[in-house]
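Participant: Per this note's numbering, residue 367 is the first one in the sequence shown, and the count goes up by one each step.
Even for Gly, the Cβ is constructed at its ideal location relative to N, Cα and C.
Just so we're clear, the structure is a prediction, and the values are computed from it rather than from any experiment.
Quick one: the structure is below, and I'll ask about it shortly.
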Amino acid sequence: MQVAIVGLGQAGSNIADEAKKLGFLTGAINFSQKDLDSVDVHHKLRLLGSDGVGKNRDEATRLFKDQWQTAASFINDYFSNADLIVFAFSSSGGSGSGISPILLDVAKGIMPDKVFSAIVIMPELTEATTSQINCLSTFSELSSVDVSIFPVDNQQVRNMNPDVGKNKIYELANKTAINLLEKVVSYTNKKSKNGNFDKKDFLNTLNTSGIGTITEVDIATLGNSVNLTPQGVSQKVKDSWNNSVFVPIELNKVTRAAIIFDGQEVLMDHIRHDLMFTDFVNGMPLDLFEGNYHESNGKIISILTGLGWCSKRLNDIEKLINSNKDKVESVLVSQNFYQSDANSLLSKIRKTPEVKKNVTDILNKYIRR
Ligand SMILES: Nc1nc2c(ncn2[C@@H]2O[C@H](COP(=O)(O)OP(=O)(O)OP(=O)(O)O)[C@@H](O)[C@H]2O)c(=O)[nH]1
Ligand SMILES: [Mg+2]
367 MQVAIVGLGQ
377 AGSNIADEAK
387 KLGFLTGAIN
397 FSQKDLDSVD
407 VHHKLRLLGS
417 DGVGKNRDEA
427 TRLFKDQWQT
437 AASFINDYFS
447 NADLIVFAFS
457 SSGGSGSGIS
467 PILLDVAKGI
477 MPDKVFSAIV
487 IMPELTEATT
497 SQINCLSTFS
507 ELSSVDVSIF
517 PVDNQQVRNM
527 NPDVGKNKIY
537 ELANKTAINL
547 LEKVVSYTNK
557 KSKNGNFDKK
567 DFLNTLNTSG
577 IGTITEVDIA
587 TLGNSVNLTP
597 QGVSQKVKDS
607 WNNSVFVPIE
617 LNKVTRAAII
627 FDGQEVLMDH
637 IRHDLMFTDF
647 VNGMPLDLFE
657 GNYHESNGKI
667 ISILTGLGWC
677 SKRLNDIEKL
687 INSNKDKVES
697 VLVSQNFYQS
707 DANSLLSKIR
717 KTPEVKKNVT
727 DILNKYIRR
């Protein structure tokens, strides 16, 4: 199976760069040549009209209006061999967030048989107001695009790593997310006597609109605090859905799911799928794909798609923006110039510049007649 990762904007391109190292087919699209130069992917497309729109989504969208055909052809020319095309982009910058929802919609329209999906980065809550507003606009646009959306949440990574620098947060988020996707894909190529998770199951799972998540738990390593009972194992899996690099899940619905067990056969007694889904309002997903492999000691990898929209997380941003509203407005209306009374004093202190004298006048002072 071939999966393509196309990064749009800087953050998305960084994810594509990681993806290439893991063997994915990759691409990057950006207005900024410098940003394109900094990543290693198979195919690059430079958009014209700007060197980077500096977090201005509207500007990105405006410039993209005349170039969407070029971008759509780029996708079609280089990635139509892939079974799945994943767009990766940040929701809080300008370029990736501005063009990705449009291009996803367009590409889906011209390549109707292809499965598309999106990895969308959410900003930490400490980021600037413009970033937060961009994030809300991007998610509101994405809510009407019919693809699975996997929100990689920088704030989640921050919660797990309070004391590291931003670069480390980005690196952890990018690597973890793309490694999980790669792991899931790798199982579709493996054989098992106890049930395969095959390519069709995978594409079916990913071809589901709404929010998605991927997690992995280890149930075999001692000291990993797993109660080795069906309840204990299920709880561990449930917990992972709220403690991953992806946005915490909402429990109002789950449409499709894949649960891949990779471990010793004796542990299979503890895998009870029905117990994993008891917290969802609709209970079991409409489709549940299972895979059972025996190559590692004991891991459970789960993919959920068609989850309810991440409204709680977006509402937190909404609240944050509202609580900052007064501060933001005061920044916008306050005058940028400052007139000091001291200025008049200053001008008195300063010597009035002397009028340049004519050299002849100077000379005349010395030369007596
Ligand atoms: N997880 C992760 N987040 C990143 C990374 N780089 C930037 N970010 C986040 O993405 C946001 C900036 O988005 P960029 O992708 O740099 O923006 P862009 O799409 O290039 O758009 P411009 O505004 O035109 O530069 C920041 O607010 C960060 O939250 C990265 O490599 N990984
Ligand atoms: Mg950029």
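For Phe445, which residues from the same chain have a beta carbon less than 7 Å from its beta carbon, with the 5 sequence-adjacent residues on both sides left out?
Facilitator: Taking the sequence shown and counting its residues from 1, the one referred to as residue 445 is at position 79. Closer than 7 Å at the Cβ level, and outside the excluded window around Phe445, lie Ala370, Val372, Leu391, Gly393, Ile451.
Participant: Residue range of the alpha helix (DSSP H) that Met526 falls in?
Facilitator: Here residue 526 refers to the residue found at position 160 when the sequence shown is read from its first residue. It spans 520 to 526 - the alpha helix (DSSP H) in which Met526 sits, taken as one unbroken run.
Participant: What's the gap between the Cα of Lys421 and the Cα of Ile465?
Facilitator: In the sequence shown, the residue the question calls residue 421 occupies position 55. In the sequence shown, the residue the question calls residue 465 occupies position 99. If you take the alpha carbons of Lys421 and Ile465, they lie about 12 Å apart.
Participant: Any heavy atom of ligand 1 closer than 7 Å to the Cβ of Glu507?
Facilitator: Within the sequence shown, numbered from 1, the residue matching residue 507 stands at position 141. No; taking the cut-off as 7 Å, the Cβ of Glu507 has no heavy atom of ligand 1 nearer than that.
Participant: Need the endpoints of the alpha helix (DSSP H) that Met642 sits in, please.
Facilitator: Position 276 of the sequence shown, counted from the first residue, corresponds to residue 642. Element bounds for Met642: 639 to 642.
Participant: Just to be sure I understand the criterion: a residue counts if its Cβ is closer than 6 Å to at least one heavy atom of ligand 2. Which residues meet that?
Facilitator: Every residue passing the under-6 Å Cβ criterion appears here: Gly375, Gln376, Ser398, Asp401, Gly418, Gly459, Ser461.
Participant: Excluding sequence positions up to five away, which residues of its chain have a Cβ less than 8 Å from the Cβ of Trp607?
Facilitator: Within the sequence shown, residue 607 is the residue found at index 241, counting from 1. Same-chain partners within the cutoff: Thr579, Thr581, Pro614, Ile615, Ser668, Leu670.
Participant: Please return the same chain residues whose Cβ sits closer than 7 Å to the Cβ of Pro517, not counting the five positions on each side in sequence.
Facilitator: As a working mapping, residue 517 is identified with position 151 in the sequence shown. Closer than 7 Å at the Cβ level, and outside the excluded window around Pro517, lie Val486, Met488, Ile577, Phe612, Val613, Cys676.
Participant: Is it the case that the Cβ atoms of Thr504 and Thr574 are separated by a distance below 8 Å?
Facilitator: In the sequence shown, counting from the first residue as 1, residue 504 sits at position 138. In the sequence shown, counting from the first residue as 1, residue 574 sits at position 208. No, the Cβ-Cβ distance between Thr504 and Thr574 is not below 8 Å.
Participant: Identify whether Gly650 lies in helix, strand or coil by the three-state DSSP scheme.
Facilitator: Here the question's residue 650 lines up with position 284 in the sequence shown. For the record, residue 650 in the displayed sequence is Met; it is not Gly. Met650 falls in the coil class under three-state DSSP.
Participant: Report the three-state DSSP secondary structure of Gly373 (helix, strand or coil).
Facilitator: Counting from 1 along the sequence shown, the entry for residue 373 is found at position 7. It is a strand residue.
Participant: On the premise that Pro467 lies in contact with Glu507, defined as a C-beta separation below 8 Å, what is that separation, rounded to the nearest angstrom?
Facilitator: As a first step, residue 507 must be located in the sequence shown, where it is residue number 141. As a first step, residue 467 must be located in the sequence shown, where it is residue number 101. 4 Å between Cβ atoms; contact.
Participant: Sorted by chain position, which residues of the same chain lie with C-beta nearer than 6 Å to Ser610's C-beta, five sequence neighbours on each side aside?
Facilitator: Within the sequence shown, the letter at position 244 stands for residue 610. Once the five neighbours on either side are set aside, the close Cβ partners of Ser610 are Thr581.
Participant: Would you list the residues sitting across from His409 in a DSSP beta bridge?
Facilitator: Looking up residue 409 in the sequence shown gives position 43. The partner list for His409 (beta bridge, DSSP) reads Gly393.
Participant: For the beta strand (DSSP E) that Asp628 lies in, which residues bound it at each end?
Facilitator: Your numbering for residue 628 matches position 262 in the sequence shown. Here the beta strand (DSSP E) through Asp628 covers 622 to 629.
Participant: If you measure between the beta carbons of Asn527 and Ile535, is that distance less than 8 Å?
Facilitator: The residue given as residue 527 occupies position 161 in the sequence shown. The residue given as residue 535 occupies position 169 in the sequence shown. Yes, Cβ-Cβ distance for Asn527 and Ile535 is below 8 Å.
Participant: How far does the alpha helix (DSSP H) with Thr492 in it extend, from its first residue to its last?
Facilitator: Translated into the one-based positions of the sequence shown, residue 492 becomes position 126. Per DSSP, Thr492 belongs to no alpha helix (DSSP H) and is neither H nor E.
Participant: Three or more C-beta pairs under 8 Å: does that hold for the segment 453 to 460 against the segment 489 to 497?
Facilitator: Touching, yes, given that three or more Cβ pairs across the two stretches are closer than 8 Å.
Participant: Is Ala539 near ligand 1, judged by its Cβ being under 7 Å from some heavy atom?
Facilitator: Taking the sequence shown and counting its residues from 1, one reaches residue 539 at position 173. Correct: Ala539 has its Cβ closer than 7 Å to ligand 1.
Participant: Which same chain residues, not among the five before or five after Thr595, have their C-beta less than 8 Å away from its C-beta?
Facilitator: Indexing the sequence shown from 1 puts residue 595 at position 229. So the list reads His636, once near-sequence residues are dropped.
Participant: For Ser483 and Leu572, which I take to be in contact (beta-carbon distance under 8 Å), what is that distance rounded to the nearest angstrom?
Facilitator: Reading the sequence shown from its first residue, position 117 is the one you call residue 483. Reading the sequence shown from its first residue, position 206 is the one you call residue 572. Going by Cβ atoms, the distance from Ser483 to Leu572 rounds to 5 Å, so yes, they are a contact pair.
Participant: Please name the residue in His409, Val551, Ser404 whose C-alpha comes closest to that of Asp443.
Facilitator: Here residue 443 corresponds to residue number 77 of the sequence shown, with the count starting at 1. Residue His409 is the option with its Cα nearest to Asp443.
Participant: CB-CB under 6 Å to Arg734, same chain, minus the five flanking residues each way: which ones, in chain order?
Facilitator: Position 368 of the sequence shown, counted from the start, is the residue given in the question as residue 734. Bear in mind that a pLDDT of 48 at Arg734, under 50, signals an unreliable position, so the number given afterwards is only what the model happens to contain. No residues qualify anywhere along the chain.
Participant: What residues in its chain sit with their C-beta under 7 Å from that of Val603, if we drop five residues either side in the sequence?
Facilitator: Your numbering for residue 603 matches position 237 in the sequence shown. For Val603, where only same-chain residues beyond five positions count, the Cβ hits under 7 Å are Val583, Met642, Ile666, Ser668.
Participant: Where does the unbroken beta strand (DSSP E) through Val611 begin, and where does it stop?
Facilitator: Mapped onto the sequence shown, residue 611 falls at position 245. Here Val611 belongs to no beta strand (DSSP E), and DSSP marks it neither H nor E.
Participant: In three-state DSSP terms, what is Gly420?
Facilitator: Taking the sequence shown and counting its residues from 1, the one referred to as residue 420 is at position 54. Residue state, collapsed to three classes: coil.
Participant: Taking the beta strand (DSSP E) that Lys549 falls in, what are its first and last residues?
Facilitator: Taking the sequence shown and counting its residues from 1, one reaches residue 549 at position 183. Looking at the DSSP string, Lys549 is not in any beta strand (DSSP E); the run it does join, the alpha helix (DSSP H), is 532 to 553.
Participant: Apart from the five residues on each side of it in sequence, which residues of its chain come closer than 7 Å, Cβ to Cβ, to Arg638?
Facilitator: Within the sequence shown, residue 638 is the residue found at index 272, counting from 1. Excluding residues within five positions, the ones whose Cβ falls inside 7 Å are Pro596, Ser600.
Participant: Mark Gln399 as exposed unless 16 or more other C-beta atoms lie within 10 angstroms of its C-beta, in which case mark it buried.
Facilitator: Looking up residue 399 in the sequence shown gives position 33. Gln399 should be labelled exposed.
Participant: Look at the alpha carbon of Ser552 and the alpha carbon of Thr436, and state the distance between them as a whole number of angstroms.
Facilitator: In the sequence shown, the residue the question calls residue 552 occupies position 186. In the sequence shown, the residue the question calls residue 436 occupies position 70. Each residue's Cα considered, the two are about 32 Å apart.
Participant: Compare the beta carbon distance of Val407 and Ala382 with 8 Å and say whether it is the shorter of the two.
Facilitator: Sequence index remark: in the sequence shown, residue 407 carries index 41 (1-based). Sequence index remark: in the sequence shown, residue 382 carries index 16 (1-based). The answer is yes: Cβ separation under 8 Å.
Participant: Inspect the beta-carbon positions of Asn688 and Ala586 and report whether they are closer than 8 Å.
Facilitator: For the purposes of this step, residue 688 is taken as residue 322 along the sequence shown, with counting starting at 1. For the purposes of this step, residue 586 is taken as residue 220 along the sequence shown, with counting starting at 1. Cβ distance not < 8 Å, so Asn688 and Ala586 don't count as in contact.
Participant: Taking only beta-carbon atoms, is Ala454 less than 8 Å away from chain C?
Facilitator: Of the protein chains in the structure, only one exists, and it is not chain C.
Participant: Please identify the residue among Asn545, Phe563, Leu652 whose C-alpha is closest to the C-alpha of Gly389.
Facilitator: Taking the sequence shown and counting its residues from 1, one reaches residue 389 at position 23. That would be Asn545, whose Cα lies nearest to the Cα of Gly389.
Participant: Please state whether DSSP places Phe455 in a helix, a strand or coil.
Facilitator: The residue you call residue 455 lines up with position 89 of the sequence shown. In the structure shown, Phe455 sits in a strand (DSSP, three-state: E or B).
Participant: Alpha carbon to alpha carbon, how far is Leu418 from Ala539?
Facilitator: Residue 418 sits at position 52 when you count from the first residue of the sequence shown. Residue 539 sits at position 173 when you count from the first residue of the sequence shown. Residue identity differs from the one stated: residue 418 is Gly in this sequence, not Leu. So the alpha carbons of these two residues sit roughly 23 Å apart.
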